[in-house]
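Engineer: Those protein sequence lines, which keep their order, are chains Z and S. If you read the first sequence in our numbering, its first letter stands for residue 1158, the second for the next number, and so on. If you read the second sequence in our numbering, its first letter stands for residue 1158, the second for the next number, and so on. Glycine included, each C-beta is placed from N, C-alpha and C at the ideal position.
Number of protein chains: 2
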Amino acid sequence: MERKRAKSGEIRLTEVAKLAGVSPITASRFFRNPEALSPSKRERVASAAKELGYVPNLAARALASQRTEVIGVLIPSLTNNVFSDVLRGIYDASEGSRYSIQLANTRYSILQEEQLLRLFQAQKPAGLIVTGIDQTAESRAVMEAMNCPIAQIMEIGPDPVDMMVGFSHQDAEFAAVSHLVTQGFQRIGFVGAQMDPRMQRRFGGYREAMKAASLFDPRLIMTTSVPTSITLGGTLFADLLSRAPDIDAVSCGNDDLALGVLFECQRRHLSVPEDMAIIGFNDLEFMASAVPPLTSVRTNRYEMGRSAVTMVLAAIEGNHPPEPVVDLGFQLMVRQSSSPRRP
Amino acid sequence: MERKRAKSGEIRLTEVAKLAGVSPITASRFFRNPEALSPSKRERVASAAKELGYVPNLAARALASQRTEVIGVLIPSLTNNVFSDVLRGIYDASEGSRYSIQLANTRYSILQEEQLLRLFQAQKPAGLIVTGIDQTAESRAVMEAMNCPIAQIMEIGPDPVDMMVGFSHQDAEFAAVSHLVTQGFQRIGFVGAQMDPRMQRRFGGYREAMKAASLFDPRLIMTTSVPTSITLGGTLFADLLSRAPDIDAVSCGNDDLALGVLFECQRRHLSVPEDMAIIGFNDLEFMASAVPPLTSVRTNRYEMGRSAVTMVLAAIEGNHPPEPVVDLGFQLMVRQSSSPRRP
DNA sequence: CAATCCGTTGGTAGCGCTGTCAATGTTTGT
DNA sequence: ACAAACATTGACAGCGCTACCAACGGATTG
Chain Z
1158 MERKRAKSGE IRLTEVAKLA GVSPITASRF FRNPEALSPS KRERVASAAK ELGYVPNLAA
1218 RALASQRTEV IGVLIPSLTN NVFSDVLRGI YDASEGSRYS IQLANTRYSI LQEEQLLRLF
1278 QAQKPAGLIV TGIDQTAESR AVMEAMNCPI AQIMEIGPDP VDMMVGFSHQ DAEFAAVSHL
1338 VTQGFQRIGF VGAQMDPRMQ RRFGGYREAM KAASLFDPRL IMTTSVPTSI TLGGTLFADL
1398 LSRAPDIDAV SCGNDDLALG VLFECQRRHL SVPEDMAIIG FNDLEFMASA VPPLTSVRTN
1458 RYEMGRSAVT MVLAAIEGNH PPEPVVDLGF QLMVRQSSSP RRP
Chain S
1158 MERKRAKSGE IRLTEVAKLA GVSPITASRF FRNPEALSPS KRERVASAAK ELGYVPNLAA
1218 RALASQRTEV IGVLIPSLTN NVFSDVLRGI YDASEGSRYS IQLANTRYSI LQEEQLLRLF
1278 QAQKPAGLIV TGIDQTAESR AVMEAMNCPI AQIMEIGPDP VDMMVGFSHQ DAEFAAVSHL
1338 VTQGFQRIGF VGAQMDPRMQ RRFGGYREAM KAASLFDPRL IMTTSVPTSI TLGGTLFADL
1398 LSRAPDIDAV SCGNDDLALG VLFECQRRHL SVPEDMAIIG FNDLEFMASA VPPLTSVRTN
1458 RYEMGRSAVT MVLAAIEGNH PPEPVVDLGF QLMVRQSSSP RRP
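Here's what the structure looks like:
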């Protein structure tokens, strides 16, 4: 008995080939590299596929070719606005390519990351994008064994697994705090939440800038490992104020915290920046439209996602970028909330 | 010559089986249904797999079993905070199950949705979650042909493709506007952006509530198809004010717009709610901590994502829920921004 | 005019796993 | 004690596609 449309009711490549009057392998080539066919056959296969409504079986393709067309992406949070921009860049850049994105959420846990990495291993992705540079030794080992291009994003540092796209959080925060110092502020507080590695590096930037200006005082620091939120910004700022009532500025580890601080200032009738200067980090959309507009450090999040995918895609094609570490930098967006202190 | 670790350097199931001294099929069963093995063999296979560091080949599994362990998810935006909550629910609920999430972004385009749906078709997902109820006829046909559980989320309506989890945007907005009416406001404006189907239904709720109170006036409406943002809220509100300077309240199609309106009020030194009441939609985190706290309609976004996955998972196991349409409702969160109008 | 090359096409043989069904032991009921 | 029911295991035959290599014809070359 002829074997035909055996189990599944799906159209197979063989059917298409038969209708087009070519061998299955020629039909197969049509879907992967149409230029290799003569125009006449190309035409025939195309119309046969359309007529039958053929949909290639990805599992069979992956099994036969020993590779997938999936790029794995590991991010630490789905809630944080920062990552939605990165993701948008990632999805945008992957569009049009044959590759699809497989997203996983580590929830800021390097152990979860390790586990997810092993899960990805089973999929043999064509490429990988991971957040940050603080993987466990085990995670690094898995990545190195994975034999596919890997981009670490959000930060840059020495010793990339493969490629990196990011910027120096420490330098960026250093610039932010130095700006406040230049504007004449002296008692500059720091408010931080979540305290993931990037937040810690930003805190490092704050510390170095304060020390460089001989203004460092541990009482000016208010951090927590609680996940960040706007409300939390207000709470932390309130705590900070009760400990150090003489602060004249706050550098916030991110923009959500900064907005929370602004609201708390409004609640206490502290004018910004006259009574309290505020600076945020990331330059989310609301920073410019807040009242007063809030100074922040713009980070190129969308571009980071885009570049990471572009680099991974190029590497898959064999074109590893000459320089594996790309620094996307940052821009200090000076706004009213950090206007110079009155003399 | 013996065929062994043929092309790829990967460990195969056969190797594990050999080391464990069982047949490949028994080893296979170990990974899918360990309870079916006798304790001794289970033990042997487990240790053999561990020793060799075996990772199952998902493509081969999918090909042989004619199904995948992927749940496809279609959402219209990665930027909108609303969807990050839904996504969090989706990812949280899928964790622990064997299923992984495949996310795709339609960018509010039903044509893009159609295309992505066809792309998903090729993957034969085990389940599908799509946003909204306004698919094209073509999309519906693809979904119906897909032969897997499908949940439509965010909204509810008649004629589900399979299952639905959501709430009535029209009823929710109706409740919001009725609340403003009850509080004594008369010239209630509406500000809307993006104008996707859900925003349009919310607008419908506004219109009905205003008509019911004999307060409807087309000059009170300011909408645009431009994607939503906080800044846009301010702009639209400014436009609205110049057209209808006598408005005493604004109902915003979402919270971002509401925050933009609040900022614009602050800029113009309009007190909220004395000069202008504000009400938002979704109850994002910042609504409660704004100054003054902003009234909003809480929607159960996280729960929506969770339920959708739970229902799809159950349906995959053959337990379709008795009631295919689940209404998660909404709660009016009354805060200071809609305090009663002075007599 | 033969030798060589290239572009195009097809045949064969798996890729690694699981569905099906039969075979084997093992317990239960009467 | 014997049949019947159950639990456990294995053999076989693909799942739909592509890598690899060979074959073919026509164009190009010396």
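What are the residues that DSSP puts in a beta bridge with Asn-1237/Z?
Structural biologist: Asn-1237/Z is not bridged to any residue.
Engineer: Please state the DSSP three-state secondary structure of Ser-1446/S.
Structural biologist: Residue state, collapsed to three classes: helix.
Engineer: Could you give the distance in angstroms between the alpha-carbon of Ile-1182/S and the alpha-carbon of Asp-1319/S?
Structural biologist: When rounded, the distance between both Cα atoms is 35 Å.
Engineer: Please list, in chain order, all residues of the same chain as Leu-1419/Z whose beta carbon is under 7 Å from its beta carbon, the five residues on each side excluded.
Structural biologist: Cβ neighbours of Leu-1419/Z beyond the five flanking positions: Val-1429, Ile-1435, Ala-1447, Leu-1451.
Engineer: For the putative contact between Ala-1261/Z and Leu-1231/Z, defined by C-beta atoms under 8 Å, what is the C-beta separation to the nearest angstrom?
Structural biologist: The pair is a contact, with the Cβ atoms about 5 Å apart (cut-off 8 Å).
Engineer: Using DSSP's beta-bridge definition, name the partner residues of Phe-1502/Z.
Structural biologist: Since the first and last residues shown for chain Z are 1158 and 1500, residue 1502/Z lies out of range.
Engineer: With a Cβ-Cβ cutoff of 7 Å, do Thr-1225/S and Lys-1281/S count as a contact?
Structural biologist: For Thr-1225/S and Lys-1281/S, yes; Cβs fall inside 7 Å.
Engineer: Near Arg-1376/S, what residues of its chain come up, given a Cβ to Cβ distance below 8 Å and the 5 sequence neighbours on each side ignored?
Structural biologist: Excluding sequence neighbours, Arg-1376/S sits near Arg-1400, Ala-1401.
Engineer: Using CA coordinates, which residue listed in Asn-1411/S, Asp-1374/S, Cys-1422/S is at the minimum distance from Ala-1350/S?
Structural biologist: Measuring from the Cα of Ala-1350/S, the nearest candidate turns out to be Asn-1411/S.
Engineer: Excluding five sequence neighbours on each side, which residues of the same chain lie with their C-beta closer than 7 Å to the C-beta of Val-1348/S?
Structural biologist: Here the set comprises Met-1379, Gly-1390, Leu-1393, Phe-1394, Leu-1397, Val-1407, Cys-1409, Gly-1410, Leu-1414, Val-1418.
Engineer: Beta strand (DSSP E) containing Phe-1347/Z: first to last residue?
Structural biologist: Counting along the chain, the beta strand (DSSP E) containing Phe-1347/Z begins and ends at 1345-1349.
Engineer: Taking the DSSP output, what are the residues bridged to Glu-1312/Z?
Structural biologist: Bridge partners of Glu-1312/Z: Phe-1324/Z.
Engineer: Determine the extent of the alpha helix (DSSP H) in which Thr-1183/Z is found, giving its start and end residues.
Structural biologist: Element bounds for Thr-1183/Z: 1181-1189.
Engineer: Would you decide whether Lys-1164/Z is buried or exposed? Buried here means 16 or more other CB atoms lie within 10 Å of its CB.
Structural biologist: No answer about Lys-1164/Z holds up, because its pLDDT of 47 lies below 50 and its placement is not dependable.
Engineer: Relative to the C-alpha of Ala-1206/S, which candidate in Val-1173/S, Ser-1180/S, Glu-1192/S, Ser-1197/S has its C-alpha closest?
Structural biologist: Comparing Cα-Cα distances from Ala-1206/S to each of Val-1173/S, Ser-1180/S, Glu-1192/S, Ser-1197/S, the minimum goes to Val-1173/S.
Engineer: Can you name, in chain order, every residue of its own chain whose Cβ lies under 6 Å from the Cβ of Leu-1274/S, other than the five neighbours on each side?
Structural biologist: Here the set comprises Ser-1296, Val-1299.
Engineer: Shortest alpha-carbon distance to Gly-1289/S belongs to which of Ala-1332/S, Phe-1240/S, Thr-1385/S, Gly-1253/S?
Structural biologist: Out of Ala-1332/S, Phe-1240/S, Thr-1385/S, Gly-1253/S, Phe-1240/S has the C-alpha closest to the C-alpha of Gly-1289/S.
Engineer: Please report whether the beta-carbon of Ser-1251/Z lies at a distance below 7 Å from any beta-carbon of chain S.
Structural biologist: Answer no: the Cβ-Cβ gap between Ser-1251/Z and chain S never drops below 7 Å.
Engineer: For the region 1300-1319 of chain Z and the region 1457-1476 of chain Z, state whether three or more C-beta atom pairs, one from each stretch, are separated by less than 8 Å.
Structural biologist: Yes, the region 1300-1319 of chain Z is in contact with the region 1457-1476 of chain Z.
Engineer: Fully enclosed by the region 1228-1315 of chain Z, which alpha helix (DSSP H) runs are 4 residues long or longer?
Structural biologist: Those alpha helix (DSSP H) runs which fall completely within the region 1228-1315 of chain Z and span 4+ residues are 1238-1251, 1267-1280, 1294-1302.
Engineer: For Gln-1493/Z, decide whether its Cβ has a neighbour in chain S, counting only Cβ atoms nearer than 7 Å.
Structural biologist: Cβ-Cβ to chain S under 7 Å: no for Gln-1493/Z.
Engineer: Helix, strand or coil for Leu-1220/S? Go by DSSP, reduced to three states.
Structural biologist: Reduced to three states, the DSSP call for Leu-1220/S is helix.
Engineer: What is the DSSP secondary structure of Phe-1487/S, counted as helix, strand or coil?
Structural biologist: Reduced to three states, the DSSP call for Phe-1487/S is strand.
Engineer: Check this for me: beta carbons of Ser-1335/S and Ala-1366/S, under 7 Å apart or not?
Structural biologist: Cβ atoms of Ser-1335/S and Ala-1366/S: closer than 7 Å.
Engineer: Who pairs with Thr-1381/S in a beta bridge, going by DSSP?
Structural biologist: None, per the DSSP bridge assignment.
Engineer: Apart from the five residues on each side of it in sequence, which residues of its chain come closer than 8 Å, Cβ to Cβ, to Arg-1264/Z?
Structural biologist: Taken in chain order, the residues that qualify are Pro-1233, Ser-1234.
Engineer: List, in order along the chain, the chain Z residues whose C-beta lies closer than 8 Å to that of Pro-1181/S?
Structural biologist: Chain Z residues near Pro-1181/S: none, gap ~16 Å exceeds 8 Å.
Engineer: By Cβ distance, which residues of its chain are closer than 7 Å to Tyr-1363/Z, with the 5 residues on each side in sequence left out?
Structural biologist: Result list for Tyr-1363/Z: Glu-1330, Val-1334, Phe-1347, Ser-1408, in chain order.
Engineer: How is the alpha helix (DSSP H) around Thr-1467/Z delimited, first residue to last?
Structural biologist: Segment 1458-1473, the alpha helix (DSSP H) holding Thr-1467/Z.
Engineer: Taking the continuous beta strand (DSSP E) assigned at Ser-1408/Z, which residues delimit it?
Structural biologist: Taken as a continuous stretch (DSSP letters only), the beta strand (DSSP E) holding Ser-1408/Z covers 1406-1409.
Engineer: Of all Cβ atoms in chain S, is any one closer than 7 Å to the Cβ of Ser-1195/Z?
Structural biologist: Not one chain S Cβ lies under 7 Å of Ser-1195/Z.
Engineer: Taking only beta-carbon positions, decide if Val-1202/Z is within less than 7 Å of chain S.
Structural biologist: Chain S, which has no Cβ nearer than 7 Å to the Cβ of Val-1202/Z, makes this no.
Engineer: What is the rounded straight-line gap between the Cα of Ser-1371/S and the Cα of Gly-1323/S?
Structural biologist: Approximately 30 Å, taken between the alpha carbons.
Engineer: Can you tell me whether DSSP reads Thr-1225/S as helix, strand or coil?
Structural biologist: Coil.
Engineer: For the region 1420-1443 of chain S, which residues have a beta carbon sitting closer than 7 Å to at least one beta carbon of chain Z?
Structural biologist: Within the region 1420-1443 of chain S, the qualifying residues are Phe-1420, Gln-1423, Arg-1424, Glu-1442, Phe-1443.
Engineer: So, at 8 Å on beta carbons, what are the nonlocal neighbours of Arg-1355/S in its own chain, with the 5 sequence-adjacent residues on each side left out?
Structural biologist: Same-chain partners within the cutoff: Gly-1289, Met-1311, Glu-1312, His-1326.
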